[in-house]
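Read the sequence shown against numbering that gives the first Met the number 0 and you will find it ends at 201, with the numbers running on by one and no gaps. All C-beta atoms in this analysis are idealised placements derived from N, C-alpha and C, irrespective of residue type, glycine included. In this text the structure is predicted, and so the values were computed from the model without any measurement.
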Amino acid sequence: MNLSAREVRQLALPLAAFMVLLTAGAWLVFWVQDKSAAEARLLAQARLERTQVKERLMRIAEEEREVKEKLKVYQQLKALGILGEEQRLEWADAMSRIRSELELPDLRYRVERQRPLASVPGKPGTVDFYASAMRVELALLHEGDLFGLLWALRSSGKAYYAVRRCAITRTGVAAATPNLSPRLRAECEIDLITIVDHGAKA
């Protein structure tokens with residue numbers, strides 16, 4: 000179809016307007032898509048940050064729980080007198096008191112030189128475990144005296160008492176006075192364990 004010059008001039012303005020609208024429409028579509036992509040990126044970033052914050056809060060809560068548990072254990076050990084250097088004078092006092100309270104006819108003991116224990120997995124680098132071997136010999140009226148001694152030792156604190164070995168033998172001596180003369184003897188090897196935290200403030 001052939002258009003006259005007059006018709007072409009009449010269509011020029013509508014064509015120009017159409018091209019402007021087409022360009023504007025294309026730019027608007029591009030702007031909307033770009034804005035949607037930017038908002039999606041912001042949403043994804045916000046979700047990531049929220050997840051990271053949640054994970055940090057969970058880690059903080061877990062660390063706080065672990066600190067509270069360790070502090071509780073630390074306070075229990077401190078209350079028992081297990082923390083710190085060995086306390087030989089206190090051990091001697093405890094043995095004298097136990098012998099008197101249990102009315103043991105004979106009680107002898109010897110505490111050997113302190114030695115470091117093998118490294119404990121998971122312990123802090125500033126913490127060391129030590130053991131002082133105590134060899135105990137005592138006369139018994141009956142087996143219950145030995146259990147009473149061990150229970151009293153553990154209740155006395157000042158160390159953790161780990162029994163390595165106990166043996167009971169009969170003396171072979173006839174009792175001159177029933178229920179009053181010991182006919183049993185016991186020998187025990189007990190580790191008195193203490194914990195020293197070299198990083199703790201004095």
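Straight-line spacing of the CA atoms in leucine 139 and tryptophan 90 works out to 21 angstroms.
DSSP places arginine 134 outside any alpha helix (DSSP H); the residue lies instead in the beta strand (DSSP E), whose first and last residues are 126–139. Alanine 151 sits away from cysteine 165, with the two beta carbons spaced by 9 angstroms or more.
Closest option to serine 180, judged by alpha-carbon separation, among Trp26, His141, Tyr160, Leu106: His141. Within the DSSP secondary-structure output, alanine 185 pairs in a beta bridge with Leu137, Ile167.
One Cα belongs to glycine 156, the other to isoleucine 81, and the distance between them is close to 7 angstroms. As the crow flies, the alpha-carbon of aspartate 127 is around 5 angstroms from that of valine 195.
Taking C-beta atoms as the reference points, glutamine 86 and threonine 193 count as a pair closer than 9 angstroms. The closest CA to that of alanine 117, considering only Val110, Ala130, Thr125, Tyr108, is found on Ala130. Relative to tyrosine 108, the option among Ser95, Glu84, Val135, Arg96 whose CA is nearest is Val135. If you draw a straight line from the Cα of leucine 88 to the Cα of arginine 153, it comes to about 16 angstroms.
According to DSSP, residue pairing for aspartate 190 in a beta bridge involves Ala132, Ala161.
The Cβ-Cβ distance between leucine 137 and leucine 191 does not fall below 9 angstroms. Per DSSP, leucine 145 lies in no beta strand (DSSP E); the unbroken alpha helix (DSSP H) holding it starts and ends at 142–155. According to DSSP, aspartate 92 shares a beta bridge with no other residue.
When secondary structure is reduced to three states using DSSP, arginine 114 falls in the strand class. Assigned with DSSP and collapsed to three states, leucine 103 falls in coil, not helix or strand. Checking the DSSP bridge columns, you'll see aspartate 196 partnered with Val126.
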